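Residue numbers (the numbering used here), protein chains in the order written: chain A, 1 to 302; chain B, 303 to 426. Below is one structure; the comments refer to it alone.
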Amino acid sequence: MSTEIRTRSAEPGPVQADGTAALLRELVAHLRKNRTQLREEWARRITESKLLTAMTREEIFAEATSVYDNYVEVLETGSVEALQAYARNLSERIIPRGVETHEVLGIVLLLRDVLARSLFKKYQADFALLNAVLDAYEPAANRIANTVAVGFVQERERIIRQQQEAIRELSTPVLQVRDRLLILPIIGVIDPQRARQLTEQLLRGIRANRAKVVVVDITGVPSVDATVANHLVQTVDASRLMGANVIVTGLSSEIAQTLVTIGVDLSKINAVGDLQGGIEEAERLLGYTVTMPEPPPKEKKE
Amino acid sequence: MRVPILKQSQYVIASIQSALSDEDLLQLRDDLVHHVGRYRSRGVIVDVTVLDVMDSFAVRTLRAIAHMIRLRGAETVIVGIQPEVAFAMVQLGLTLEDVTTALDLEEGLAYLDRQAVAGGTHVK
Numbered sequence: 001m002s003t004e005i006r007t008r009s010a011e012p013g014p015v016q017a018d019g020t021a022a023l024l025r026e027l028v029a030h031l032r033k034n035r036t037q038l039r040e041e042w043a044r045r046i047t048e049s050k051l052l053t054a055m056t057r058e059e060i061f062a063e064a065t066s067v068y069d070n071y072v073e074v075l076e077t078g079s080v081e082a083l084q085a086y087a088r089n090l091s092e093r094i095i096p097r098g099v100e101t102h103e104v105l106g107i108v109l110l111l112r113d114v115l116a117r118s119l120f121k122k123y124q125a126d127f128a129l130l131n132a133v134l135d136a137y138e139p140a141a142n143r144i145a146n147t148v149a150v151g152f153v154q155e156r157e158r159i160i161r162q163q164q165e166a167i168r169e170l171s172t173p174v175l176q177v178r179d180r181l182l183i184l185p186i187i188g189v190i191d192p193q194r195a196r197q198l199t200e201q202l203l204r205g206i207r208a209n210r211a212k213v214v215v216v217d218i219t220g221v222p223s224v225d226a227t228v229a230n231h232l233v234q235t236v237d238a239s240r241l242m243g244a245n246v247i248v249t250g251l252s253s254e255i256a257q258t259l260v261t262i263g264v265d266l267s268k269i270n271a272v273g274d275l276q277g278g279i280e281e282a283e284r285l286l287g288y289t290v291t292m293p294e295p296p297p298k299e300k301k302e
Numbered sequence: 303m304r305v306p307i308l309k310q311s312q313y314v315i316a317s318i319q320s321a322l323s324d325e326d327l328l329q330l331r332d333d334l335v336h337h338v339g340r341y342r343s344r345g346v347i348v349d350v351t352v353l354d355v356m357d358s359f360a361v362r363t364l365r366a367i368a369h370m371i372r373l374r375g376a377e378t379v380i381v382g383i384q385p386e387v388a389f390a391m392v393q394l395g396l397t398l399e400d401v402t403t404a405l406d407l408e409e410g411l412a413y414l415d416r417q418a419v420a421g422g423t424h425v426k
């Protein structure tokens, strides 16, 4: 078969495409035949290069087998869809285990090398044919590497987006501590989008709980810029329009300095040192008085 | 549509039922200022619960109402501003600074009652 290919690939023109297909077919047959040996070689190289250290040898070998078979299939059919699906699936499984992008790309490139080496060995006697085989092999192999890497990165980005969403959802609780008293503990960096969301949740919370006083605690906020500070002032104003008083607590000394330096108008903000003070102030506004229960009368010893 | 104005003991309540045109707002203003004197009311409540939009003219008129009512010797409370409206108003810089606001009608009445008590002790 190889002699026939050689004569064909030597000719230029439309026969070339046909020749590439035939070469790929031969290539696939070669890879199928030497499956066990090449796969082992690849797994060995992976371990040697200290890639996929998060996985056991057996796992690496099992994944290597699947990747190898998918790889050969792509070379055979030219369709990367199955491989794309597999790459997504693989990424889903290995990303939580801390596998890095360079490792995934590394193993695919290693496979590419291993297979190219075996081709060198097979066709070393005939340089022209080797060239033709590599012409057919390399574009396909590059496409595969590309597909796997893109699939991995996309999966990662999807997970990151999902987690950002989750953090955003989790990070803005509006809690009722007493009748008509809400607290809004803010933890972490506030970006404009989150600030907006906080305000919306707070205003809805005010309506839903018929709150009169809201304590916004920003102890957990590391820094504040002009945009966020203005947003805070807007939140206070909007809450007032809904008939609720806002008390801001936990302004750190850094934040206080920043706010004064950038000249935010804080005259409308009712600030109290810490959350405890804020709640006490809120209770005072609502008319609560907190008293300790009377200590039980001491038993008189006779 | 003309806003119905209800008398409730010492207070008058303007309960807005639908979106208002500029003329309606001015009519409301004139009616309220008139009614406060006629009923010798101590407080006015304007309920804007149904409004899902408040433009600058509406806010300015509400503010004018509050100021005029004060000159007539009574106090105004705007009640029922929706969360979205509140946020939009603040972003437009329409904060109704010197006007009392409350969550809903009940809160507004409670506020006026407290003011009445405070005012009463003051007279004594």
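We put the CB at the ideal spot given by N, CA and C, even for glycine. Since the model is a prediction, treat every value here as computed from it, not as a measurement.
Residue burial classification, residue i (beta-carbon count within 10 angstroms, cutoff 16)
i                     : result
residue 167 (chain A) : exposed
residue 70 (chain A)  : buried
residue 212 (chain A) : buried
residue 29 (chain A)  : exposed
residue 23 (chain A)  : buried
residue 11 (chain A)  : Note that residue 11 (chain A) scores a pLDDT of 42, beneath 50, so its modelled location is shaky; the value from the coordinates is reported in the next line. Flag for residue 11 (chain A) reads exposed.
residue 383 (chain B) : buried
residue 294 (chain A) : exposed
residue 377 (chain B) : buried
residue 362 (chain B) : exposed
residue 321 (chain B) : exposed
residue 279 (chain A) : buried
residue 39 (chain A)  : buried
residue 79 (chain A)  : exposed
residue 128 (chain A) : exposed
Three-state class that DSSP yields for residue i in the structure shown
i                     : result
residue 28 (chain A)  : helix
residue 126 (chain A) : coil
residue 271 (chain A) : strand
residue 377 (chain B) : strand
residue 249 (chain A) : strand
residue 271 (chain B) : Since the first residue of chain B shown is 303 and the last is 426, residue 271 (chain B) is not available in this structure.
residue 219 (chain A) : strand
residue 95 (chain A)  : helix
residue 328 (chain B) : helix
residue 160 (chain A) : helix
residue 54 (chain A)  : coil
residue 151 (chain A) : helix
residue 34 (chain A)  : coil
residue 397 (chain B) : coil
residue 353 (chain B) : coil
residue 196 (chain A) : helix
residue 391 (chain B) : helix
Supposed close pair residue i, residue j - CB separation, criterion 8 Å
i                     : j                     : result
residue 152 (chain A) : residue 74 (chain A)  : Residue 152 (chain A) to residue 74 (chain A), Cβ: 16 Å. No contact.
residue 203 (chain A) : residue 245 (chain A) : At roughly 14 Å, the Cβ-Cβ gap does not stay under 8 Å, so residue 203 (chain A) and residue 245 (chain A) are not in contact.
residue 410 (chain B) : residue 404 (chain B) : 4 Å
residue 290 (chain A) : residue 283 (chain A) : 6 Å
residue 248 (chain A) : residue 271 (chain A) : 5 Å
residue 174 (chain A) : residue 193 (chain A) : Not confirmed; about 17 Å, so no contact.
residue 182 (chain A) : residue 206 (chain A) : 7 Å
residue 63 (chain A)  : residue 90 (chain A)  : 7 Å
residue 224 (chain A) : residue 259 (chain A) : 7 Å
residue 379 (chain B) : residue 345 (chain B) : 7 Å
residue 388 (chain B) : residue 241 (chain A) : 4 Å
residue 238 (chain A) : residue 392 (chain B) : 4 Å
residue 83 (chain A)  : residue 36 (chain A)  : No, residue 83 (chain A) and residue 36 (chain A) are not in contact; Cβ-Cβ is about 21 Å, not under 8 Å.
Residue i - partner residues in DSSP beta bridges
i                     : result
residue 181 (chain A) : A:178 and A:213
residue 310 (chain B) : B:313
residue 146 (chain A) : Note: residue 146 (chain A) sits in no beta bridge, so no partner.
residue 403 (chain B) : B:380
residue 187 (chain A) : A:220
Same chain only: Cβ atoms within 6 Å of residue i, ignoring 5 sequence neighbours per side
i                     : result
residue 370 (chain B) : 335
residue 130 (chain A) : 123
residue 20 (chain A)  : 136
residue 226 (chain A) : 262
residue 56 (chain A)  : none
residue 100 (chain A) : none
Beta-carbon proximity list for residue i, same chain, < 7 Å, skipping 5 on both sides
i                     : result
residue 365 (chain B) : 398 and 401
residue 92 (chain A)  : 155
residue 277 (chain A) : 249
residue 415 (chain B) : none
residue 32 (chain A)  : 72
residue 299 (chain B) : Since the first and last residues shown for chain B are 303 and 426, residue 299 (chain B) lies out of range.
Cutoff 8 Å; reference residue i; Cβ partners in own chain excluding five residues on either side
i                     : result
residue 234 (chain A) : 199
residue 60 (chain A)  : 43, 46, 47 and 52
residue 196 (chain A) : 231
residue 381 (chain B) : 347, 348, 349, 350, 351, 403, 404, 405, 406, 407, 409 and 410
residue 372 (chain B) : 378
residue 13 (chain A)  : For residue 13 (chain A), the pLDDT reaches just 43, beneath the cut-off of 50, and the residue's location in the model is therefore unreliable, although a value from the coordinates is still provided. Excluding residues within five positions, none has a Cβ falling inside 8 Å.
residue 265 (chain A) : 233
Contact with chain C by residue i, beta-carbon distance below 8 Å
i                     : result
residue 199 (chain A) : Absent from the structure is chain C; the protein chains it does hold are A and B.
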